[in-house]
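Residue numbers are given in the numbering used here: position 169 of the sequence shown equals residue 345, and the series is strictly consecutive. Notes follow the structure.
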Amino acid sequence: MSHTACNKGCDHAWLSLGLATSGFATRVVAIDAKAFPLSLAERNLRPYRRERELQPRERASFAPVDLRLGCGLSPLSPGEVGTAVIAGMGARSICEAALGEGIADGLGVSTLVLNPPARDAPRLRAALLKNGWAVRDEAMVLDRGWLHIVVKAERATAEGHRAPMDAADALLGPVLRVRDRADAVFQAFLRMRLESVRRRRGLLPVSATYKGGDAGDLDALLEEERILCAHIDS
Ligand SMILES: C[S@@+](CC[C@H](N)C(=O)[O-])C[C@H]1O[C@@H](n2cnc3c(N)ncnc32)[C@H](O)[C@@H]1O
């Protein structure tokens, strides 16, 4: 089946190459807002393209990769892409590029695969819900000391999929907090988040690495602490 995926913010295009060779996509559109990353992508794609040309039969399952200069998903035409993959940027940039003003809807994108830092996950889930997308799958990943999440979201077509997430789902993820609750990376994330909440409440001393942050609404902090404690394995 033909399926085109796009990779917004492709930079060096390693992720685009992964998509092209995974068997998932039959064509990949790699987009970046800046010319320099696209020149890196061009260089990294060269041996791959040469191999495709030299061994067309053996490499038939390797999808072609188009490079495009442009902001967000704007270089795409409606109906061109089924899945948009946006990785390596914060939730604010992801939301501006894909969710704001129904951008992904207008293009006919049916699946989003999004990869922000784990601390941005609640903001991302809230934006997905607000814009009519449902979280279908999630994973938490520790990469070189940084915690990330990968969220797969689909258009929430049926009424049932529009049901509001409860506070625990929004904070910790409807899939992660159930399926991956005992996962060591997820448990480490919960402990770090609890420490951060307690620092903001003034219950722990400010550490050298803690960047500070708004103490915020005490009721919201207490609710977050309650949810975290309920999910932390003793
Ligand atoms: C940190 S890199 C991410 C690289 C890659 N996606 C990954 O996860 O390894 C971010 C890239 O996104 C590009 N970028 C940032 N905002 C963008 C936007 N609104 N539209 C397209 N590209 C953007 C930057 O130029 C940069 O090359």
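Where is the CB? At the ideal position from N, CA and C, for every residue including glycine. Computed from a prediction, not measured in an experiment: that's the story for all the values here.
Distance cut-off 7 Å: residue i Cβ against heavy atoms of ligand 1
{"i": "TRP190", "result": "yes"}
{"i": "LYS328", "result": "no"}
{"i": "SER198", "result": "no"}
{"i": "GLY185", "result": "yes"}
{"i": "ILE207", "result": "yes"}
{"i": "MET265", "result": "yes"}
{"i": "GLY282", "result": "no"}
{"i": "ALA273", "result": "yes"}
{"i": "SER215", "result": "no"}
{"i": "GLY248", "result": "yes"}
{"i": "ALA269", "result": "Reading off the sequence shown, one finds Ser at residue 269, where the question assumed Ala. Checking every heavy atom of ligand 1 against the Cβ of SER269, one is found closer than 7 Å."}
{"i": "LYS210", "result": "yes"}
Helix, strand or coil at residue i [DSSP, three-state]
{"i": "HIS407", "result": "helix"}
{"i": "ARG320", "result": "coil"}
{"i": "LEU380", "result": "coil"}
{"i": "ASN307", "result": "coil"}
{"i": "ASP313", "result": "strand"}
{"i": "ARG331", "result": "strand"}
{"i": "ALA181", "result": "strand"}
{"i": "VAL361", "result": "helix"}
{"i": "VAL326", "result": "strand"}
{"i": "PRO292", "result": "coil"}
{"i": "GLY336", "result": "Note that GLY336 scores a pLDDT of 48, beneath 50, so its modelled location is shaky; the value from the coordinates is reported in the next line. Correct three-state label for GLY336: helix."}
Nearest candidate by alpha-carbon position, reference residue i, set the options
{"i": "ARG402", "options": "LEU380, PRO381, GLY378 and VAL373", "result": "VAL373"}
{"i": "ALA310", "options": "ASP296, PHE238, LEU404 and ALA346", "result": "ALA346"}
{"i": "PHE200", "options": "LEU245, THR180 and SER410", "result": "THR180"}
{"i": "LEU243", "options": "ALA297, LEU193 and GLY282", "result": "LEU193"}
{"i": "LEU394", "options": "ILE207, ARG219, ILE408 and ARG375", "result": "ARG375"}
{"i": "PRO292", "options": "ALA273, VAL326 and PRO251", "result": "VAL326"}
{"i": "LEU300", "options": "MET265, GLY185 and SER250", "result": "MET265"}
{"i": "VAL241", "options": "ASN220, ARG353, ASP356 and ASP319", "result": "ASN220"}
{"i": "ARG377", "options": "ARG353, ASP356 and GLU400", "result": "GLU400"}
{"i": "LYS184", "options": "PRO350, VAL204 and HIS324", "result": "VAL204"}
{"i": "LEU252", "options": "GLY349, LEU318 and ASP281", "result": "ASP281"}
{"i": "PRO350", "options": "ASP319, ARG320 and LEU304", "result": "LEU304"}
{"i": "PHE238", "options": "GLY258, PRO213 and LEU195", "result": "LEU195"}
{"i": "LEU370", "options": "CYS405, VAL257 and ALA396", "result": "CYS405"}
{"i": "ARG268", "options": "ALA302, PRO254 and GLY284", "result": "ALA302"}
{"i": "VAL368", "options": "ALA209, GLU227, ALA294 and ALA273", "result": "Sequence inspection shows Met at residue 368; the Val mentioned does not correspond to that position. For the residues ALA209, GLU227, ALA294 and ALA273, the minimum Cα distance to MET368 belongs to ALA294."}
{"i": "VAL354", "options": "ASP313, GLU218, TYR224 and VAL285", "result": "ASP313"}
{"i": "PRO254", "options": "VAL285, ILE270, CYS247 and GLU277", "result": "VAL285"}
{"i": "ALA274", "options": "PHE362, LEU366 and ARG331", "result": "ARG331"}
{"i": "MET316", "options": "ASP342, ASP409 and PHE362", "result": "PHE362"}
{"i": "LEU290", "options": "ASP356, SER410 and ALA263", "result": "ALA263"}
* Inside the segment 238-271 only - alpha helix (DSSP H) runs reaching at least 4 residues -> Runs found: 267-270.
* Asked: In chain order, which continuous runs of the alpha helix (DSSP H) of length 4 or greater are located wholly inside the segment 186-232?
  -> The qualifying runs are 190-197 and 211-230.
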